[in-house]
Amino acid sequence: MGESTSRTDAPSDQQTQPLNPDRWRSDFPILAKQIHKLPLVYLDNAATTQKPRQVLAAMDELYESKYANVHRGIHVLSEESTDLFEAARDTVCRLLGGISREEVIFTRGTTEAINLVARSWGDKNITEDDEILLTEMEHHANIVPWQQLAARTGASIRWIPITDDGHLDLEAFNTMLSPRTKLVAVTAVSNVLGTINPIEQIITTAHAAGALVLIDAAQSIPHTPTDVRVWDADFVAFGGHKMLGPTGIGVLYGKRQLLESMPPFVGGGGMIRRVRKEGFEAADLPDKFEAGTPPFVEAVGLAAAIDYLQSVGLESIADYEQQLATLAIDRLSAIEGVDIFGPPAAERAGIVSFQIEGVHAHDVAQILDRYGIAIRAGHHCAMPLHLRLGAPATARASFYFYNTPAEIEALAEAIEETQKVFRKNRKK
Ligand code: PMP
Numbered sequence: 015m016g017e018s019t020s021r022t023d024a025p026s027d028q029q030t031q032p033l034n035p036d037r038w039r040s041d042f043p044i045l046a047k048q049i050h051k052l053p054l055v056y057l058d059n060a061a062t063t064q065k066p067r068q069v070l071a072a073m074d075e076l077y078e079s080k081y082a083n084v085h086r087g088i089h090v091l092s093e094e095s096t097d098l099f100e101a102a103r104d105t106v107c108r109l110l111g112g113i114s115r116e117e118v119i120f121t122r123g124t125t126e127a128i129n130l131v132a133r134s135w136g137d138k139n140i141t142e143d144d145e146i147l148l149t150e151m152e153h154h155a156n157i158v159p160w161q162q163l164a165a166r167t168g169a170s171i172r173w174i175p176i177t178d179d180g181h182l183d184l185e186a187f188n189t190m191l192s193p194r195t196k197l198v199a200v201t202a203v204s205n206v207l208g209t210i211n212p213i214e215q216i217i218t219t220a221h222a223a224g225a226l227v228l229i230d231a232a233q234s235i236p237h238t239p240t241d242v243r244v245w246d247a248d249f250v251a252f253g254g255h256k257m258l259g260p261t262g263i264g265v266l267y268g269k270r271q272l273l274e275s276m277p278p279f280v281g282g283g284g285m286i287r288r289v290r291k292e293g294f295e296a297a298d299l300p301d302k303f304e305a306g307t308p309p310f311v312e313a314v315g316l317a318a319a320i321d322y323l324q325s326v327g328l329e330s331i332a333d334y335e336q337q338l339a340t341l342a343i344d345r346l347s348a349i350e351g352v353d354i355f356g357p358p359a360a361e362r363a364g365i366v367s368f369q370i371e372g373v374h375a376h377d378v379a380q381i382l383d384r385y386g387i388a389i390r391a392g393h394h395c396a397m398p399l400h401l402r403l404g405a406p407a408t409a410r411a412s413f414y415f416y417n418t419p420a421e422i423e424a425l426a427e428a429i430e431e432t433q434k435v436f437r438k439n440r441k442k
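For what it's worth, my numbering labels the leading residue of the sequence shown as 15, then goes sequentially.
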């Protein structure tokens, strides 16, 4: 392999170090920004995360001194770009537990990775007799591609219900599995409830019934160590922008024999071995699924992000974010008129969705913005879940390792102020 942006001195994730956010915050230029003359409190990390200088520098360096299209030119710049791109693939292999390079497909994001499976594997393997199991807590990215597949093939979609405290109903799941079940597509962490799903258990159960499993890991891989082979997942999808990386880059992991058996999804340059007037022959993995000029600068940015996360320590990140979630849930649930959705803090990631009685979630987000606090409001691309919750919209605070306990206190105080404003308005 050629030159890599990897930091070889990054400590491993074996030891859990207590995390001090102040050690890392100065790497993120945007965190020093003022919003309405107040310090930015960025609590919208489930939507996307901020970028450290190291990620921006890795991409700048490629553009400034090594940039040319990958794989095609026999000249120095093209070789340098290609080496960096393929080194980025190696970095992803290590992140996911030492998988092989053929099993890492670069996509434009989580959404595209799931669509690739639905189109390629789905169209080849799914018929009208088959069932696909989804859960009530899925993001639209893990719903719509399967609905489209069902519309093309006549297959049925069935929904694994959630319990009132925001867990998957695993008893119901067990009874839903049958020889008709061909795929279970489930999120590792809910982007609304923060629920951490028991992925290994779900996969073991599904495999015993003969079904494959796709994991939407968009909200888990950025926050916790992951070994996809320990999971024994068949497909895993995630994206770069929720893990300090740039937009426009994502990853599909697939077991090699599955990917080998699947036809290409997008056709074009780069994914062929040979093209004749009569037809084409697809390239080997992973190129078969990477048509066109791939997002190689973004892949290099993602690799720098992975190096950075590993230097912080993903185990420490997971522990720290659970502490932040605990703090947020304790503090917010003590405020009268605030309802929090989802499981207890100990069983969730750093995502807290809530409602304030009598105040629409959009108004909450708008008022918090006046305090420099960025949260998200709406259905968070999980409309079936919001129907199940009986709430058309929720307000969502979501954390990353650069958030601090003081920011959670600022959130709580701003919520209290919001309630005061609305109480005053109601009295008028
Ligand atoms: N799945 C989940 C659980 C998500 O939270 C998101 C992003 N909101 C997506 C999929 C879509 O990810 P991407 O932006 O990488 O396509």
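Glycine is no exception: its CB is placed at the ideal position from the N, C-alpha and C atoms.
Report yes or no: do the stretch 125-136 and the stretch 268-286 share at least 3 C-beta pairs separated by less than 8 Å? These segments touch.
DSSP on G315, reduced to helix/strand/coil? helix
Kindly give me the distance between the Cβ atoms of N218 and F187, rounded to whole angstroms, as I take these residues to be in contact under 8 Å. First, the amino acid is wrong: residue 218 is Thr here, not Asn. The Cβ separation is near 12 Å, so there is no contact.
Along the beta strand (DSSP E) that carries Q369, what are the first and last residues, could you check? 365-370
For the beta strand (DSSP E) holding D353, just list the boundary residues, first then last. 352-355
Cutoff 7 Å; reference I389; Cβ partners in own chain excluding five residues on either side: Around I389: L57, D58, A379, L382, A409, R410, A411.
Under the assumption that I210 contacts A363 (Cβ atoms under 8 Å), give the Cβ distance between them as a whole number of angstroms. That belief holds up - the Cβ atoms of I210 and A363 are roughly 6 Å apart, short of 8 Å.
Indicate, with yes or no, if ligand 1 has a heavy atom lying under 6 Å from the CB of A232. It does: the Cβ of A232 is within 6 Å (strictly closer) of some heavy atom of ligand 1.
When you measure from the CB of H153 to every non-hydrogen atom of ligand 1, does any distance come out below 6 Å? yes
In whole angstroms, give me the CA-to-CA distance for V84 and A359. In a straight line, the C-alpha of V84 is about 45 Å away from that of A359.
What separation, rounded to the nearest whole angstrom, lies between the Cα atoms of F436 and A428? 12 Å
Note down, in chain order, each residue of its chain lying with its Cβ closer than 8 Å to the Cβ of K441, except the 5 sequence neighbours on either side. none
Run through the DSSP bridge pairs and tell me what Q48 is partnered with. P53
Identity of the residue in I128, Y414, L130 nearest L328 by Cα: When only C-alpha atoms are compared, the closest one is Y414.
Per DSSP, which residues does V373 bridge with? Please list them. Paired residues: I370.
Can you find a heavy atom of ligand 1 that lies under 6 Å from the Cβ of N129? False, no ligand heavy atom lies under 6 Å from that Cβ.
If I measure Cβ to Cβ from S234 and keep anything under 6 Å in the same chain, skipping five residues before and after, which residues do I get? A202, V203
For a test of the three-state rule: what should DSSP assign to K269, helix, strand or coil? Here K269 sits in coil by DSSP.
What's the gap between the Cα of P236 and the Cα of V265? Put simply, the backbone Cα of P236 is about 12 Å away from that of V265.
Below 7 Å between beta carbons: does that hold for Q369 and D344? Taking 7 Å as the Cβ cut-off, Q369 and D344 do not qualify as a contacting pair.
Pull up the CB-CB distance for G208 and G111, whole angstroms please, since I reckon it's below 8 Å. Not really, about 24 Å apart at Cβ, beyond 8 Å.
For ligand 1, any of its heavy atoms closer than 6 Å to the Cβ of N205? Yes; taking the cut-off as 6 Å, the Cβ of N205 has a heavy atom of ligand 1 nearer than that.
Looking only at C-alpha atoms, which of V106, L184, P53 sits nearest to A13? Absent from the model: residue 13. The displayed extent of the chain is 15 to 442, so no value can be given.
Is S40 helix, strand or coil when you go by DSSP? coil
Three or more C-beta pairs closer than 8 Å, one from the stretch 94-102 and one from the stretch 308-327: is that the case here? Short answer: they touch.
Out of curiosity, what's the CA-to-CA distance linking A405 and G253? 28 Å
Beta strand (DSSP E) segment containing T121, residue limits: 118-121
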